[in-house]
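Q:
There are 4 protein chains.
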Amino acid sequence: MEKIIIKTYEEPELKDPIFVGGLPGIGNVGKITADYFIDKLKMKKIADIYSEYLPPQVFINNSIVHLVRDSLYYKKTGKKNDLIFLAGDFQGTTQEGQYELSYKTLELLKKYNVSKIYTLGGYSIGKIVEKPKVLGAVSDIKIIKTLEKAGVEFSDGEPNGGIVGSAGLLLGLGKELFNIDGACLMGETSGYFADPKGAREIINALTKILKIRINLKDIDEKTKQLEEITEKMKQETQNKTSKEDLNYFG
Amino acid sequence: MEKIIIKTYEEPELKDPIFVGGLPGIGNVGKITADYFIDKLKMKKIADIYSEYLPPQVFINNSIVHLVRDSLYYKKTGKKNDLIFLAGDFQGTTQEGQYELSYKTLELLKKYNVSKIYTLGGYSIGKIVEKPKVLGAVSDIKIIKTLEKAGVEFSDGEPNGGIVGSAGLLLGLGKELFNIDGACLMGETSGYFADPKGAREIINALTKILKIRINLKDIDEKTKQLEEITEKMKQETQNKTSKEDLNYFG
Amino acid sequence: MEKIIIKTYEEPELKDPIFVGGLPGIGNVGKITADYFIDKLKMKKIADIYSEYLPPQVFINNSIVHLVRDSLYYKKTGKKNDLIFLAGDFQGTTQEGQYELSYKTLELLKKYNVSKIYTLGGYSIGKIVEKPKVLGAVSDIKIIKTLEKAGVEFSDGEPNGGIVGSAGLLLGLGKELFNIDGACLMGETSGYFADPKGAREIINALTKILKIRINLKDIDEKTKQLEEITEKMKQETQNKTSKEDLNYFG
Amino acid sequence: MEKIIIKTYEEPELKDPIFVGGLPGIGNVGKITADYFIDKLKMKKIADIYSEYLPPQVFINNSIVHLVRDSLYYKKTGKKNDLIFLAGDFQGTTQEGQYELSYKTLELLKKYNVSKIYTLGGYSIGKIVEKPKVLGAVSDIKIIKTLEKAGVEFSDGEPNGGIVGSAGLLLGLGKELFNIDGACLMGETSGYFADPKGAREIINALTKILKIRINLKDIDEKTKQLEEITEKMKQETQNKTSKEDLNYFG
């Protein structure tokens, strides 16, 4: 079989499309963000991407099997730039798979004349934060100003290990081999669980960058639920600790 | 060498064949079931599948080496549907191998105009059960009714990790890339050892689905032997525990 | 680069050659045996085999680097069968590498009309034995008698895990895909270190099978040295244990 | 995508060029050395080498992403031999990658008629040494004399595990498949951290071998800084130990 198989459903004509890629990763921040846009903007599917670089696995939804895949979606905005989104079940599981899947995606984006790439990811800081920042990294210095206006912060030397995986490669290969500029938006996250809080901030920044209005109610609700759960856990831990302290001296 | 080498012995003309795949896996439930049908129905071999996706190994039977392989068998039933079975020594040992072997098998099935795929597997529940259930998952919702009539149960959200390996991929790739529908039958098993009990229930369900009569005596006997062994183990554990309890208070 | 690169030095015309393969493995029994024949019979080199399936490494002998490789040698015996030997630094390090290297070797052997394959290996029994046996496994039942005459033993169900690696694959692929019969000779070994004792017994059996006279003095000496060392170690362990026993009661 | 992608910036005409390869490795001795020459001699870039054999990663410098790569540089010396240097972010991360990247590099060097290969590496001795030696290994015995004049030492049987990775393969494949001779220079290093001391000695030897003058001030300074740090650490450890000793008896 071909190592990557693209099943195309539609080949829309798009106007100066901007690309946004959000696959599973740290705190699932990128995936939550991309899925949210696809859902809220009722995007249509361009193609499913099956590959032996993804796990040999089917998921089961209501007794129906679903072969794991990544998918490309589009949205005609009626404005200056249409949109193409990448979302899915997994990143490539091997180094080779990471490169091949990113390269194949970029070939497709080139065909659609994409001129700007935004990749989404989480930036693990190992603790729960009140108000996660959105950090940026760019492949062309000219993009920084646009992003700063949308509230993205640029902190020298962060993240200091660079960006690993799809969010990094789409930018790096895009720049070096496809001549497409772009940026990575990284939402701060504890990294402990699928984190809507970090995603919420990226969604917010992305609406400004893409000049798209989107209803934030659902993500706000999820964030609130998460906050209540973590608040509760915190109190329980404190209660427990207090009691243990009492026991200790009791 | 080619990564998968198919050594064909016969190319039978088959009437609307149904495919059943049972390779080694959890509790070896799928393999035991497939081997049982192949033996009891005296199936004939279509082909041996050798591959560098299988371990670099020969088994030894009576001092004769046997290169590890998977094999395809057929049975002319004289009824509405002939049968093709897949059984063998191993599943592909890598992610790439899983995809490639399943894809190559599906190419072959397409050639035989297979219109329905059943894959067999174990569903590990971590304890020994009196009466294992057979759980189902389908790639087309229309198949559910047929399976329920044969006693297969559909439990929403189970197995919740999806299906990994050959039993999942043959269904998933079959559906998405070859347009062949199918279902996976999973026999409950403790998962601790090669488990004829889980296989026994799948064999029973499969005879109804395939409308094939098969002698269940041998598998019943194996199941009984296993039950006697586990019963004995249970009693020994209890005896031992009782004595230890006595010692403890003695 | 090609995944396997064969650098050919000579293409001798050989009379009904028999092939013997002895690569590093358990107790290095196969390698010691093959190297001993190559040295004692002053064999000439047919080819070096370089490959990315071997470690990315050079050895250093007297400050000169030596790229790791396997090599094929030949010997014109002047009798019924000439000889081709395979020896070298490593087996393929991956499953794919094991298959590809064995397959490529078999292609070469086919070209030389090899009609019989003997592979050599160690059979680990986890303890030091006085007189190691040579166990056999064959790909054609007719070979058993010849080997029994040479002192090779056939013990049903041993080794029960089959034969892993080059010694198994050359036989298995040779039989199934190249129509060449053969046998594997396994020298019993503790498996703890490079073991000339197990090799010594294979060398002895092999001289009978190949009808070749060879001077056993050097391997006998190595075996004796090893015996002296292990005897000394045994005594030291005993002395130490005795003293410790005295101390314990002292 | 092609597994190795070479982005060429310039194809200079070079006079009998000598090649020097210094990629990351033990103590980063090879990389520090190569980077130092490239910087001090203001070398120009021939090509960037991107590959799926390198990690799927971008680094971030001043908020700008940098796709990981290795690079080839050249220097027209105006003397007998021009220079080509290889430096970069990573060695190939897999066995296959190591072979493929070295082979591709050698193909390029062949095009430039390179007749001598020097590879650089660290030789881990597990402790900090006052004055690291530079050890040599060659692919042609005639090179030894030249190197000894430059202070390179040849110690029989060292390093006894051979040379693993790029520094070994460029030599080994160069010799066996491209007919280019060469040597590996290994600077002694503790191996605990990026070690300018070991690099300093290789730089010194290399200036003699290549008959190139180079300013050693910066590397001397780095070496001095490192010595001050390790001296300080040593004293602190001693102080701490003394105090602990006092405490112990206190």
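Residue numbers (our numbering), protein chains in the order written: chain Y, 11 to 260; chain R, 11 to 260; chain Z, 11 to 260; chain W, 11 to 260.
All C-beta atoms in this analysis are idealised placements derived from N, C-alpha and C, irrespective of residue type, glycine included.
Here the structure is a predicted model, which is why all the values come from computation and not from measurement.
Which whole runs of the beta strand (DSSP E) in the region 42–76 of chain R are 3 residues long or more, in chain order?
A: As far as the region 42–76 of chain R is concerned, its whole beta strand (DSSP E) runs of at least 3 residues are 54–61, 67–71.
Q: If we call anything under 7 Å between Cβ atoms a contact, is Ile94 (chain Y) one with Tyr60 (chain Y)?
A: For the purposes of this step, residue 94 (chain Y) is identified with residue 84 of the first sequence, where counting begins at 1. For the purposes of this step, residue 60 (chain Y) is identified with residue 50 of the first sequence, where counting begins at 1. No, they are not a contact pair.
Q: If Phe10 (chain Y) and Leu116 (chain Y) are in contact, beta carbons under 8 Å, what's the gap, nearest whole angstrom?
A: Outside the shown range of chain Y, which is 11 to 260, sits residue 10 (chain Y), and nothing can be said about it.
Q: Take every Cβ of the region 99–110 of chain W, pair it with every Cβ of the region 118–136 of chain W, and state whether three or more of those distances are shorter than 8 Å.
A: Flag = no, the region 99–110 of chain W and the region 118–136 of chain W do not touch.
Q: Apart from the five residues on each side of it in sequence, which residues of its chain come closer than 7 Å, Cβ to Cβ, to Pro206 (chain W)?
A: Walking along the fourth sequence from the start, residue 206 (chain W) turns up at place 196. Within the same chain, Pro206 (chain W) has close Cβ partners Ile42, Ile229, Lys232, Thr233, Leu236.
Q: With DSSP collapsed to three states, give me the class of Thr104 (chain Y).
A: Numbered from its first residue, the first sequence carries residue 104 (chain Y) at position 94. The answer is coil: DSSP assigns Thr104 (chain Y) none of H, G, I, E or B.
Q: Could you have a look at Lys221 (chain W) and say whether DSSP puts it in helix, strand or coil?
A: On the fourth sequence, position 211 is the one that residue 221 (chain W) refers to. Lys221 (chain W) falls in the coil class under three-state DSSP.
Q: Out of W:Leu119, W:Glu20, W:Val39, state which residue places its alpha-carbon closest to the alpha-carbon of Asp26 (chain W).
A: Counting from 1 along the fourth sequence, the entry for residue 26 (chain W) is found at position 16. Closest option to Asp26 (chain W), Cα to Cα, is W:Leu119.
Q: So with CB distances below 7 Å, who are the chain Y contacts of Tyr69 (chain W)?
A: One-based indexing of the fourth sequence puts residue 69 (chain W) at position 59. The sequence shown places Phe at residue 69 (chain W), rather than the Tyr named in the question. Per Cβ cutoff of 7 Å: Gly172.
Q: What residue does the beta strand (DSSP E) around Ala177 (chain Z) start on, and which one ends it?
A: Reading the third sequence from its first residue, position 167 is the one you call residue 177 (chain Z). It is not in any beta strand (DSSP E) - Ala177 (chain Z) instead sits in the alpha helix (DSSP H) that spans 176–188.
Q: Are any of the Cβ atoms in chain B nearer than 7 Å to that of Phe188 (chain W)?
A: Considering every chain present, this structure includes no chain B. Its protein chains are Y, R, Z and W.
Q: DSSP on Gln248 (chain Y), reduced to helix/strand/coil?
A: Counted from its first residue, the first sequence places residue 248 (chain Y) at position 238. Helix, per DSSP.
Q: If you compare alpha carbons, which of R:Ala44, R:Ile56, R:Gly136, R:Gly31 is closest to Glu23 (chain R)?
A: Mapped onto the second sequence, residue 23 (chain R) falls at position 13. When only C-alpha atoms are compared, the closest one is R:Ile56.
Q: Are the C-beta atoms of Leu181 (chain Y) and some chain W residue less than 7 Å apart?
A: Counting from one through the first sequence, the residue named residue 181 (chain Y) turns up at place 171. Cβ-Cβ to chain W under 7 Å: yes for Leu181 (chain Y).
Q: In angstroms with no decimal places, state the Cα-to-Cα distance between Lys242 (chain Z) and Val39 (chain Z).
A: Residue numbering aside, residue 242 (chain Z) sits at position 232 when the third sequence is read from its first letter. Residue numbering aside, residue 39 (chain Z) sits at position 29 when the third sequence is read from its first letter. About 23 Å.
Q: For Phe100 (chain Y), does the count of other Cβ atoms within 10 angstroms reach 16, so buried, or fall short, so exposed?
A: In the first sequence, counting from the first residue as 1, residue 100 (chain Y) sits at position 90. That one is buried.
Q: With distances taken from CA atoms, which of W:Ser81, W:Lys52, W:Ser165 is nearest Lys114 (chain W)?
A: Translated into the one-based positions of the fourth sequence, residue 114 (chain W) becomes position 104. Here the closest residue by C-alpha is W:Ser81.
Q: When the Cα of Ser134 (chain R) is compared with those of R:Thr156, R:Gly201, R:Thr18, which residue comes out closest?
A: Looking up residue 134 (chain R) in the second sequence gives position 124. Among R:Thr156, R:Gly201, R:Thr18, the Cα nearest to that of Ser134 (chain R) belongs to R:Gly201.
Q: Can you determine whether any heavy atom of the ligand MN sits closer than 6 Å to the C-beta of Tyr133 (chain W), and answer yes or no?
A: For the ligand MN, the structure offers nothing, since it holds no ligand at all.
Q: Just curious, the beta strand (DSSP E) that Glu198 (chain W) is in, first and last residue?
A: Taking the first residue of the fourth sequence as position 1, residue 198 (chain W) is located at position 188. Glu198 (chain W) -> beta strand (DSSP E) spans 191–199.
Q: Name the two residues that bound the continuous alpha helix (DSSP H) containing Thr156 (chain Z).
A: The residue given as residue 156 (chain Z) occupies position 146 in the third sequence. Thr156 (chain Z) -> alpha helix (DSSP H) spans 153–159.
Q: Cutting at 8 Å between CB atoms, please list the residues of its own chain near Glu21 (chain W), excluding the five before and the five after it.
A: Translated into the one-based positions of the fourth sequence, residue 21 (chain W) becomes position 11. Ile56.
Q: With burial defined as no fewer than 16 other Cβ atoms inside 10 Å of the residue's Cβ, what is the status of Asp166 (chain W): buried or exposed?
A: For the purposes of this step, residue 166 (chain W) is taken as residue 156 along the fourth sequence, with counting starting at 1. Under this definition Asp166 (chain W) is an exposed residue.
Q: Considering only their Cβ atoms, is the gap separating Lys13 (chain R) from Glu62 (chain R) smaller than 7 Å?
A: To locate residue 62 (chain R), count along the second sequence from 1; it is residue 52. To locate residue 13 (chain R), count along the second sequence from 1; it is residue 3. Against a cut-off of 7 Å, the Cβ pair of Lys13 (chain R) and Glu62 (chain R) comes out as a contact.
Q: Please determine, among R:Ser176, R:Leu195, R:Lys155, the residue with the shortest C-alpha to C-alpha distance to Pro142 (chain R).
A: Locating residue 142 (chain R) in the second sequence gives position 132, where the first residue counts as 1. Per the Cα distances, R:Leu195.
Q: Between the Cα of Phe203 (chain Y) and the Cα atoms of Y:Gly178, Y:Ile154, Y:Ile138, which residue gives the shortest distance?
A: By one-based count along the first sequence, residue 203 (chain Y) stands at place 193. The shortest Cα separation from Phe203 (chain Y) among Y:Gly178, Y:Ile154, Y:Ile138 belongs to Y:Ile138.
Q: DSSP three-state label for Asp166 (chain R), please.
A: Counting from one through the second sequence, the residue named residue 166 (chain R) turns up at place 156. Coil, per DSSP.
Q: Select from W:Gly98, W:Thr217, W:Gly184, W:Pro66 the residue whose C-alpha is nearest the C-alpha of Thr156 (chain W).
A: Along the fourth sequence, read from residue 1 onward, the residue named residue 156 (chain W) stands at position 146. The option with the nearest alpha carbon to Thr156 (chain W) is W:Thr217.
Q: Just verifying my parser: in three-state terms, what is the DSSP assignment at Ser134 (chain R)?
A: Taking the second sequence and counting its residues from 1, the one referred to as residue 134 (chain R) is at position 124. Strand, per DSSP.
Q: Of the residues that make up the region 147–172 of chain W, which ones have a beta carbon closer than 9 Å to any beta carbon in chain Z?
A: Residues Ala147, Val148, Ser149, Asp150, Ile151, Ile154, Phe164, Ser165, Asp166, Gly167, Glu168, Pro169, Asn170, Gly171, Gly172.
Q: Can you grab the Cα-Cα spacing for the pair Phe69 (chain W) / Glu168 (chain Y), in whole Å?
A: Residue 69 (chain W) sits at position 59 when you count from the first residue of the fourth sequence. Residue 168 (chain Y) sits at position 158 when you count from the first residue of the first sequence. In a straight line, the C-alpha of Phe69 (chain W) is about 10 Å away from that of Glu168 (chain Y).
Q: Would Pro66 (chain R) count as contacting chain Z if we go by Cβ distances under 7 Å?
A: Indexing the second sequence from 1 puts residue 66 (chain R) at position 56. Yes, because at least one Cβ of chain Z sits closer than 7 Å to the Cβ of Pro66 (chain R).
Q: Reducing DSSP to helix, strand and coil, say where Ala209 (chain W) ends up.
A: The residue you call residue 209 (chain W) lines up with position 199 of the fourth sequence. Three-state DSSP puts Ala209 (chain W) in a helix.
Q: Leaving aside the five residues before and after Lys185 (chain R) along the sequence, list all residues of the same chain whose C-beta is less than 7 Å from its C-beta, in chain order.
A: Numbered from its first residue, the second sequence carries residue 185 (chain R) at position 175. Cβ neighbours of Lys185 (chain R) beyond the five flanking positions: Ser149, Asp191.
Q: Between Leu220 (chain R) and Ile28 (chain R), how many whole angstroms is the CB-CB distance? I'm expecting something under 8 Å.
A: Along the second sequence, one-based indexing puts residue 220 (chain R) at 210. Along the second sequence, one-based indexing puts residue 28 (chain R) at 18. Yes, Leu220 (chain R) and Ile28 (chain R) are in contact; Cβ-Cβ is about 6 Å, under 8 Å.
Q: Quick one, which residues of the region 93–117 of chain Y are near chain R if we go by CB-CB under 7 Å, in chain order?
A: For the region 93–117 of chain Y, which is checked against every Cβ of chain R, the residues closer than 7 Å are Thr103.
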